[in-house]
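Novice: What follows is a structure written as structure tokens; I'll ask about it next.
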Amino acid sequence: MQAVTTHHGKQVALVSQNELRDPRTNGDYVRAYCHIHGSDHQRSLSIHRTSGWGHCFNAGCNAVVLVAEWNPNVAARMLHASTTGNVYRRPSSFTFATERLPLALQPVLLHAPQPVPQWQRHEQTALLALEERFHTALTSSRRTQAYLAERGVPVKVAEQTGVGYLAADMVSHYTEAEQRFLVRRWAARILFPLVSPYGSGYIGRSLWQWRPGMHEKAHKELLEHANGPRRWIKTNPAGWFCAPFEQLASSIILVEGAFDRLALLTAGFAPTEVVALTGTALQIDWLPPQVKTIVLALDGDQGGLEATRRLADQLNNEGFSVKICPPPQDRWGKDWNERWCQIGSESVWPLRKTCSALRSA
Ligand SMILES: [Zn+2]
Numbered sequence: 001m002q003a004v005t006t007h008h009g010k011q012v013a014l015v016s017q018n019e020l021r022d023p024r025t026n027g028d029y030v031r032a033y034c035h036i037h038g039s040d041h042q043r044s045l046s047i048h049r050t051s052g053w054g055h056c057f058n059a060g061c062n063a064v065v066l067v068a069e070w071n072p073n074v075a076a077r078m079l080h081a082s083t084t085g086n087v088y089r090r091p092s093s094f095t096f097a098t099e100r101l102p103l104a105l106q107p108v109l110l111h112a113p114q115p116v117p118q119w120q121r122h123e124q125t126a127l128l129a130l131e132e133r134f135h136t137a138l139t140s141s142r143r144t145q146a147y148l149a150e151r152g153v154p155v156k157v158a159e160q161t162g163v164g165y166l167a168a169d170m171v172s173h174y175t176e177a178e179q180r181f182l183v184r185r186w187a188a189r190i191l192f193p194l195v196s197p198y199g200s201g202y203i204g205r206s207l208w209q210w211r212p213g214m215h216e217k218a219h220k221e222l223l224e225h226a227n228g229p230r231r232w233i234k235t236n237p238a239g240w241f242c243a244p245f246e247q248l249a250s251s252i253i254l255v256e257g258a259f260d261r262l263a264l265l266t267a268g269f270a271p272t273e274v275v276a277l278t279g280t281a282l283q284i285d286w287l288p289p290q291v292k293t294i295v296l297a298l299d300g301d302q303g304g305l306e307a308t309r310r311l312a313d314q315l316n317n318e319g320f321s322v323k324i325c326p327p328p329q330d331r332w333g334k335d336w337n338e339r340w341c342q343i344g345s346e347s348v349w350p351l352r353k354t355c356s357a358l359r360s361a
């Protein structure tokens, strides 16, 4: 066991699965006797199997634990930070507050995700089982090709990042009514694979009633005013549209949208250096230890600029080197995809300049 204190002053016991005493699986959780306060009366340690986060229900202990093998990225990040000393401080002794915190303030609740409802787990499984078909459908659907072309993205680039298309007729692949029902809301959507410590997921963009030549804004209005399906939907867990965490580069560019990432990859940026948040908050604990520098390239509208200021503060506090590079305030659009469609390779010069300065630094 290794004790680490996070930047926010939370104490976490980093444990190995071998240390768990007589663990028993119970649904999504593993229960074990708590080796931290040393009780063999009750399995008071409860750990989420997917995220590795858990805590001890014993009021006098309240330990927050992370099982390293079940969440190696976060464990590595915490260890790395505690040894380099710039993010996490290692306490001299490992003690927990004796008074019980109100439920909402218990540190583990800030990290561990809410249990995923059963229908969402089934939805994720049903979608994963169709993955190969999505990929084939992306390259064979003329409609998807036309849509990607209008967003300035070659099919090849989309294909290489695992993007797919759930054609309406793929729903009938399932003979069970429940699965058909679950995947139906994903029909006629472009699917982007998402990465998170809790598993993989998808975000899907509806192409409902989209026709070649229809501008992005016109389609958005059509979906909103014609009682159409939601423009974007996500699985639970969701996550970021990016390379697997362990492959991320040491400098990464953070953008908001899935199509912003595709535009930057089309412009020649590497898949390992561009991360699209796709509406999922930046969880600093998710960043793997090799990431040192973050280029914030969120949207140039008010929301994006405010988020940039907030994230820059947080990331600086956590010891990251931060560069701010929003899309310029001109008439070519508030995000990288829009600008890419309007002015092509000229649109990415601010990012190229920022990144080449980083490389030569
Ligand atoms: Zn305990």
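Mapping to this note's numbering: the sequence shown position 149 is 149, numbers consecutive. Here a beta-carbon is modelled for each residue, glycine too, at the ideal position from N, C-alpha and C.
#1: With respect to 6 angstroms, is the separation between the Cβ of Ala177 and the closest non-hydrogen atom of ligand 1 below this value?
#2: Would you be able to state if there are at least three C-beta pairs under 8 angstroms between the stretch 329 to 337 and the stretch 246 to 264?
#3: Quick check on the burial criterion: 16 or more other C-beta atoms within 10 angstroms. Buried or exposed for Glu123?
#4: Determine the extent of the beta strand (DSSP E) in which Ile324 is found, giving its start and end residues.
#5: So within the stretch 116 to 159, which uninterrupted alpha helix (DSSP H) runs reach at least 4 residues, ignoring any that extend past its ends?
#6: Please list the terminal residues of the continuous beta strand (DSSP E) segment that includes Cys56.
#7: Starting from His225, trace the alpha helix (DSSP H) both ways and give me its first and last residue.
#8: According to the neighbour-count rule (16 or more other Cβ atoms, all chains shown, within 10 Å of its Cβ), is Glu318 buried or exposed?
#9: Give the secondary structure of Ile203 by DSSP, where H, G and I count as helix, E and B as strand, and everything else as coil.
#10: Beta-carbon separation of Gln145 and Val155 under 7 angstroms?
#11: Just curious, the beta strand (DSSP E) that Gln2 is in, first and last residue?
#12: Relative to the C-alpha of Val275, which candidate in Gly268, Phe245, Gln302 has its C-alpha closest?
#13: Quick check: is any heavy atom of ligand 1 less than 6 angstroms from the C-beta of Ile253?
#14: Does the separation of the CB atoms of Gly201 and Ala238 fall below 7 angstroms?
#15: From Leu138 to Arg184, what does the alpha carbon distance come to, in whole angstroms?
#16: How many Å lie between Asn236 and Ala129 at the Cα?
Specialist: Working from what's here:
#1: Position 177 of the sequence shown holds residue 177. Not so, every heavy atom of ligand 1 lies at least 6 angstroms from the Cβ.
#2: Put simply, the stretch 246 to 264 touches the stretch 329 to 337. At least three CB pairs are less than 8 angstroms apart.
#3: Residue mapping note: residue 123 aligns to position 123 of the sequence shown, counting from 1. It is buried - the Cβ of Glu123 has at least 16 other Cβ atoms within 10 Å.
#4: In the sequence shown, residue 324 corresponds to position 324, counting from 1. Where Ile324 is concerned, the enclosing beta strand (DSSP E) stretches over 321 to 324.
#5: Complete alpha helix (DSSP H) runs here, min 4: 118 to 129, 131 to 140, 142 to 150.
#6: For the purposes of this step, residue 56 is identified with residue 56 of the sequence shown, where counting begins at 1. 53 to 56 is the span of the beta strand (DSSP E), which, as asked, contains Cys56.
#7: Translated into positions along the sequence shown, residue 225 becomes position 225. Counting along the chain, the unbroken alpha helix (DSSP H) around His225 starts and ends at 216 to 225.
#8: To locate residue 318, count along the sequence shown from 1; it is residue 318. If you draw a 10 Å sphere on the C-beta of Glu318, you find 16 or more other C-beta atoms in it, and that means buried.
#9: As a position in the sequence shown, residue 203 is number 203, starting the count at 1. Annotated three-state conformation of Ile203 is strand, per DSSP.
#10: If you number the sequence shown from 1, residue 145 lands on position 145. If you number the sequence shown from 1, residue 155 lands on position 155. Result yes, Cβ atoms of Gln145 and Val155 sit closer than 7 angstroms.
#11: In the sequence shown, residue 2 corresponds to position 2, counting from 1. Where Gln2 is concerned, the enclosing beta strand (DSSP E) starts and stops at 2 to 5.
#12: Mapped onto the sequence shown, residue 275 falls at position 275. Closest by alpha carbon: Phe245.
#13: Within the sequence shown, numbered from 1, the residue matching residue 253 stands at position 253. Ligand 1 has no heavy atom closer than 6 angstroms to the beta-carbon of Ile253.
#14: Here residue 201 is taken as the residue at index 201 of the sequence shown, counted from 1. Here residue 238 is taken as the residue at index 238 of the sequence shown, counted from 1. It is a contact, given that the beta carbons lie within the stated cut-off.
#15: In the sequence shown, counting from the first residue as 1, residue 138 sits at position 138. In the sequence shown, counting from the first residue as 1, residue 184 sits at position 184. Between the alpha carbons of Leu138 and Arg184 lies a distance of about 17 angstroms.
#16: Within the sequence shown, numbered from 1, the residue matching residue 236 stands at position 236. Within the sequence shown, numbered from 1, the residue matching residue 129 stands at position 129. Distance between the alpha carbons of Asn236 and Ala129: 16 angstroms.
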